[in-house]
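Participant: Got a structure for you, written out below as structure tokens; questions coming shortly.
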Amino acid sequence: MFSFGSLMIVFSLVLMGLITWLGYRFSKSKMLDNDSYFSAGRNITTAFMTATFIAYAVGTGLIFSPGEMAYYEGLTAMIGYGLAISLSYIAFLPVSGRIKELIPSGNTIGEYAKVRYGNIMYVVVLFVTIVYMFCLLAANLIGVGIAFNYIGHIPLYIGVLIIGVPVIIYTTYGGLGAAIFTNGLQAILITPMLFITAIIAFKNSGGPAAIYDGILKHSPEFLKVFHPTGLEFALMIIIAVSAAELLNQALWQRVYSAKDIKVVKKGLLSASFMTFPMTIIAASFGLMAVAYNMELPHPSIATALMADYLLPPWASMIFMMIIVLAATSTASDALAAFSSIASLDIIKSLLPDLAPEKAVFVARIATIVFGAGAMLVAFKAPSILFLLLIADLVAAAAVIPVIAGLFSPNISGKAAAAGTVLGLLSGLPLFLNNQNLLSFVTAIIVSTGVVFISARVSPANFDFNKLREHIKTID
Amino acid sequence: MTYSETFFAILMWICLAGLMLDFGFQLWYNIVDFKNKTLW
Chain A
0 MFSFGSLMIV FSLVLMGLIT WLGYRFSKSK MLDNDSYFSA GRNITTAFMT ATFIAYAVGT
60 GLIFSPGEMA YYEGLTAMIG YGLAISLSYI AFLPVSGRIK ELIPSGNTIG EYAKVRYGNI
120 MYVVVLFVTI VYMFCLLAAN LIGVGIAFNY IGHIPLYIGV LIIGVPVIIY TTYGGLGAAI
180 FTNGLQAILI TPMLFITAII AFKNSGGPAA IYDGILKHSP EFLKVFHPTG LEFALMIIIA
240 VSAAELLNQA LWQRVYSAKD IKVVKKGLLS ASFMTFPMTI IAASFGLMAV AYNMELPHPS
300 IATALMADYL LPPWASMIFM MIIVLAATST ASDALAAFSS IASLDIIKSL LPDLAPEKAV
360 FVARIATIVF GAGAMLVAFK APSILFLLLI ADLVAAAAVI PVIAGLFSPN ISGKAAAAGT
420 VLGLLSGLPL FLNNQNLLSF VTAIIVSTGV VFISARVSPA NFDFNKLREH IKTID
Chain B
0 MTYSETFFAI LMWICLAGLM LDFGFQLWYN IVDFKNKTLW
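Taken in order, these protein sequences are the chains called A and B. So for the first sequence, numbering that gives the first Met the number 0 puts the first residue at 0; every next one is plus one. So for the second sequence, numbering that gives the first Met the number 0 puts the first residue at 0; every next one is plus one.
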């Protein structure tokens, strides 16, 4: 008889094989020109736009981290995490409109930063976006690895490879189009699978009343609305996720890939509502772990461990496939985002006359290298939440300087770069000293103060038409 | 101030129902775009 772990490998390989094959077939038929590799044809409509916003959010950042925080901090932290993802999409609404209006032919955040602010801020933004995409990719691979390890008793590196290699293959071949197309499949599969497994878990745990009683028995402080550390975490995660998503190359790419701004706004609004129940239900497994007084062998494993404990084997396998789909969807988005940065920002800066075909080739090589690097980090399996928070802090220092530059012509490149660096230098020591909320607030306040004081004292008077003039498609 | 058992139960059931609404909307968007020949 096959072990659960062996079956996990088999089902994962079948699922990944199917997604890779479909992603490859789609890319082969739809990639009409070199620009399509980076922009998916710039004609994505509502169904796929909504699906890709959902699938991007539903990675291990949604499946594991809310459960991790619910386990360690309780109900307020859990609700905060649910609101964080939804509010970040709402916050991105006005920004997306401005991006589509000013930079209709864009591909990356970096090219905007270069034209708007010059080379220094360009390098700073590249650093921020690369760190974020790398942490996001590694975090998702870790999620799968630890699920394979702790649930299937399979070595962690096998789980990482089973997901990492196919994702690298189809994203390398098909670029953003492959990522968005497979997101469409992943989103529509994850939702009913999560519903089925959650219903069974609730039934087997005795329902919300029994879970509530268990929390009351083992950790009654988790049920306090103003539980200090839970509230602090909730505020921090709302700020952190919002900051990070405003500076997310994957989201900016989706704005560029959309048919028009109405599609973007409909997709963001729909996804902001749809991701809230998904986050709460995934996080509730963390609360179930509290109710059952579960010990955790890894901080990020609460959700998967509890699902495995409460579900019959067939349903537990479905939950493992949710993890595979979730990690794959966000991993491919992070890879596609990085490939654009590597080719169109980094290499094109060094080789300005790079031909479009060569740009695609460079992007493919970069995808492989980036993916391999993230897999190496994933083998070490640090906490998913810690990795994501580091990335969020870096983004928090840069978000106001970058985003304000879309609306105010008065901020100069030097001010933006100085604000970002000073914000990061102020926030990082606090973060490393476990003062998480204060670190994010400090990073944002410092960077905001620097840019707005500078805009008052010596306004730059930037002409926004330059963005449209200088940022074109690659073909 | 403490979350009540009723609040917790309502939150869980609303979110479970929300998952099915999510699925319904995703199907609907796909059907609409397919009918309009704008799915991709």
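Ideal Cβ placement from N, Cα and C applies to all residues, glycine included. For clarity, every value in this text was computed on a predicted model and none was experimentally measured.
Please confirm if Phe232(A) has its CB atom under 8 Å from at least one CB of chain B.
Facilitator: For the purposes of this step, residue 232(A) is taken as the residue at position 233 of the first sequence. So, not an interface residue.
Participant: According to DSSP, is Lys216(A) part of a helix, a strand, or is it coil?
Facilitator: Position 217 of the first sequence, counted from the first residue, corresponds to residue 216(A). Looking at Lys216(A) - three-state DSSP - the assignment turns out to be helix.
Participant: Flag Val224(A) as yes if its beta-carbon sits less than 8 Å from any beta-carbon of chain B, otherwise no.
Facilitator: Reading the first sequence from its first residue, position 225 is the one you call residue 224(A). At least one chain B Cβ lies under 8 Å of Val224(A).
Participant: Could you check where the alpha helix (DSSP H) with Lys265(A) kicks off and where it finishes?
Facilitator: Here residue 265(A) refers to the residue found at position 266 of the first sequence. From DSSP, the alpha helix (DSSP H) with Lys265(A) extends over Ile260 to Ala290.
Participant: Would you kindly report the start and end of the unbroken alpha helix (DSSP H) that includes Gln434(A)?
Facilitator: Translated into positions along the first sequence, residue 434(A) becomes position 435. Looking at the DSSP string, Gln434(A) is not in any alpha helix (DSSP H), and its letter there is neither H nor E.
Participant: Is the distance from the Cβ of Ala112(A) to the Cβ of Asp32(B) below 8 Å?
Facilitator: Against the first sequence, residue 112(A) aligns to sequence position 113. Against the second sequence, residue 32(B) aligns to sequence position 33. No.
Participant: Should Gly16(A) be labelled buried (16 or more other beta-carbon atoms within 10 Å of its own) or exposed?
Facilitator: Position 17 of the first sequence, counted from the first residue, corresponds to residue 16(A). Per the 10 Å Cβ criterion, exposed.
Participant: With distances taken from CA atoms, which of Ala197(A), Ile300(A) and Phe25(A) is nearest Leu155(A)?
Facilitator: Taking the first residue of the first sequence as 1, we reach residue 155(A) at position 156. In terms of Cα proximity to Leu155(A), the closest of Ala197(A), Ile300(A) and Phe25(A) is Ile300(A).
Participant: Excluding the 5 residues flanking Leu384(A) on each side, which residues of the same chain have their C-beta closer than 6 Å to its C-beta?
Facilitator: One-based indexing of the first sequence puts residue 384(A) at position 385. Correct list, in chain order: Ser64 and Glu67.
Participant: State the Cα-Cα distance for the pair Lys261(A) and His297(A), rounded to the nearest angstrom.
Facilitator: Position 262 of the first sequence, counted from the start, is the residue given in the question as residue 261(A). Position 298 of the first sequence, counted from the start, is the residue given in the question as residue 297(A). Between the C-alpha atoms of Lys261(A) and His297(A) there is a straight-line separation of about 43 Å.
Participant: Residues in the same chain with beta-carbon distance under 7 Å from Val127(A), minus the five sequence neighbours each way, listed in chain order, please.
Facilitator: Numbered from 1 along the first sequence, position 128 holds the residue referred to as residue 127(A). Same-chain partners within the cutoff: Leu246, Val393, Ala394 and Ala397.
Participant: Using 8 Å as the limit for Cβ to Cβ distance, is Pro191(A) near chain B?
Facilitator: Taking the first sequence and counting its residues from 1, the one referred to as residue 191(A) is at position 192. Judged by the 8 Å Cβ criterion, Pro191(A) is in contact with chain B.
Participant: Determine whether the Cβ of Met277(A) lies closer than 8 Å to any Cβ atom of chain B.
Facilitator: One-based indexing of the first sequence puts residue 277(A) at position 278. By this cut-off, Met277(A) is an interface position.
Participant: Can you find the residues in the same chain that come closer than 7 Å, C-beta to C-beta, to Ala178(A), ignoring five residues on each side of it along the sequence?
Facilitator: Position 179 of the first sequence, counted from the start, is the residue given in the question as residue 178(A). Here Ala178(A) has Thr170, Ser331, Asp332 and Ala335 as same chain residues with Cβ atoms under 7 Å from its own Cβ, once five neighbours each way along the sequence are excluded.
Participant: Just how far apart, CA to CA, sit Asn432(A) and Gly426(A)?
Facilitator: By 1-based counting over the first sequence, the position of residue 432(A) is 433. By 1-based counting over the first sequence, the position of residue 426(A) is 427. When only Cα atoms are considered, Asn432(A) and Gly426(A) end up about 10 Å apart.
Participant: In whole angstroms, what separates the C-alpha of Ala209(A) from that of Tyr291(A)?
Facilitator: Counting from 1 along the first sequence, the entry for residue 209(A) is found at position 210. Counting from 1 along the first sequence, the entry for residue 291(A) is found at position 292. Taking the straight line from one Cα to the other gives about 10 Å.
Participant: Taking 8 Å as the threshold (C-beta atoms), are Phe221(A) and Leu74(A) in contact?
Facilitator: Residue numbering aside, residue 74(A) sits at position 75 when the first sequence is read from its first letter. Residue numbering aside, residue 221(A) sits at position 222 when the first sequence is read from its first letter. The answer is yes: Cβ separation under 8 Å.
Participant: Under DSSP, the alpha helix (DSSP H) around Ile189(A) begins and ends at which residues?
Facilitator: Counting from one through the first sequence, the residue named residue 189(A) turns up at place 190. Taken as a continuous stretch (DSSP letters only), the alpha helix (DSSP H) holding Ile189(A) covers Leu155 to Ser204.
Participant: In this structure, what does DSSP give as the bridge partners for Lys223(A)?
Facilitator: For this step, residue 223(A) is matched to residue 224 along the first sequence. In the DSSP assignment, the residues bridged to Lys223(A) are Thr1(B).
Participant: Would you mind telling me which residues of chain B sit closer than 8 Å to Leu74(A), beta carbon to beta carbon, in chain order?
Facilitator: The residue given as residue 74(A) occupies position 75 in the first sequence. By Cβ distance, chain B contributes Tyr2 and Phe7.
Participant: Say whether the stretch 231 to 242 of chain A touches the stretch 456 to 472 of chain A, bearing in mind that this needs 3 or more beta-carbon pairs closer than 8 Å, one atom from each stretch.
Facilitator: no
Participant: Check whether the Cβ of Pro227(A) lies closer than 8 Å to any Cβ atom in chain B.
Facilitator: Counted from its first residue, the first sequence places residue 227(A) at position 228. Pro227(A) does not count as touching chain B.
Participant: Give the DSSP bridge partners of Ile43(A), in chain order.
Facilitator: Position 44 of the first sequence, counted from the start, is the residue given in the question as residue 43(A). In DSSP, Ile43(A) forms a bridge with Ala257(A).
Participant: Compile a chain-ordered list of the residues in the stretch 41 to 55 of chain A whose CB is closer than 7 Å to at least one CB of chain B.
Facilitator: Shown in chain order are the members of the stretch 41 to 55 of chain A whose Cβ falls below 7 Å from a Cβ of chain B: Thr44, Thr45, Ala46, Phe47, Thr49 and Ala50.
Participant: By a C-beta neighbour count over all protein chains shown, 10 Å radius and 16 as the cutoff for buried, is Glu72(A) buried or exposed?
Facilitator: Here residue 72(A) refers to the residue found at position 73 when the first sequence is read from its first residue. When all chains shown are included, Glu72(A) counts as buried.
Participant: Quick check on Ser411(A): does DSSP put it in helix, strand or coil?
Facilitator: Working through the first sequence from its first residue, we reach residue 411(A) at position 412. Secondary structure at Ser411(A): coil, using DSSP grouped into helix, strand and coil.
Participant: For the stretch 210 to 221 of chain A, list every residue whose C-beta sits within 7 Å of some C-beta in chain B, in sequence order.
Facilitator: Tyr211
Participant: Return the chain-ordered list of same chain residues with a C-beta closer than 6 Å to the C-beta of Ala358(A), the five sequence neighbours on each side being excluded.
Facilitator: One-based indexing of the first sequence puts residue 358(A) at position 359. Excluding residues within five positions, the ones whose Cβ falls inside 6 Å are Ser342 and Ile473.
Participant: For a quick check, are the C-beta atoms of Leu86(A) and Met316(A) less than 8 Å apart?
Facilitator: Counted from its first residue, the first sequence places residue 86(A) at position 87. Counted from its first residue, the first sequence places residue 316(A) at position 317. Between Leu86(A) and Met316(A), the C-beta gap is not smaller than 8 Å, which leaves the two residues out of contact.
Participant: Quick check on the DSSP output: the alpha helix (DSSP H) that includes Gly79(A) runs from which residue to which?
Facilitator: Locating residue 79(A) in the first sequence gives position 80, counting from the first residue. Leu74 to Leu101 is the extent of the alpha helix (DSSP H) around Gly79(A).
Participant: From Tyr116(A), Gly183(A) and Val94(A), pick the residue whose C-alpha is nearest to that of Thr327(A); which is it?
Facilitator: As a first step, residue 327(A) must be located in the first sequence, where it is residue number 328. Taking only the C-alpha atoms, the option nearest Thr327(A) is Gly183(A).
Participant: Helix, strand or coil, according to DSSP, for Trp39(B) in the structure here?
Facilitator: Here the question's residue 39(B) lines up with position 40 in the second sequence. Coil, per DSSP.
Participant: Would you say Ser487(A) lies against chain B (beta-carbon separation less than 8 Å)?
Facilitator: In the structure as shown, chain A starts at 0 and stops at 474, and residue 487(A) therefore has no counterpart that could be examined.
Participant: If you draw a straight line from the alpha carbon of Ala244(A) to that of Ser28(A), how long is it in whole angstroms?
Facilitator: Position 245 of the first sequence, counted from the first residue, corresponds to residue 244(A). Position 29 of the first sequence, counted from the first residue, corresponds to residue 28(A). According to the sequence shown, residue 244(A) is Glu rather than Ala. Taking the straight line from one Cα to the other gives about 31 Å.
Participant: Jot down the residue ranges of each uninterrupted alpha helix (DSSP H) in the stretch 354 to 421 of chain A, minimum 4 residues, whole runs only, in chain order.
Facilitator: 355 to 379 and 383 to 406
Participant: Examine chain B for any beta-carbon lying closer than 8 Å to the beta-carbon of Phe194(A), and answer yes or no.
Facilitator: Walking along the first sequence from the start, residue 194(A) turns up at place 195. Chain B contact via Cβ: present.
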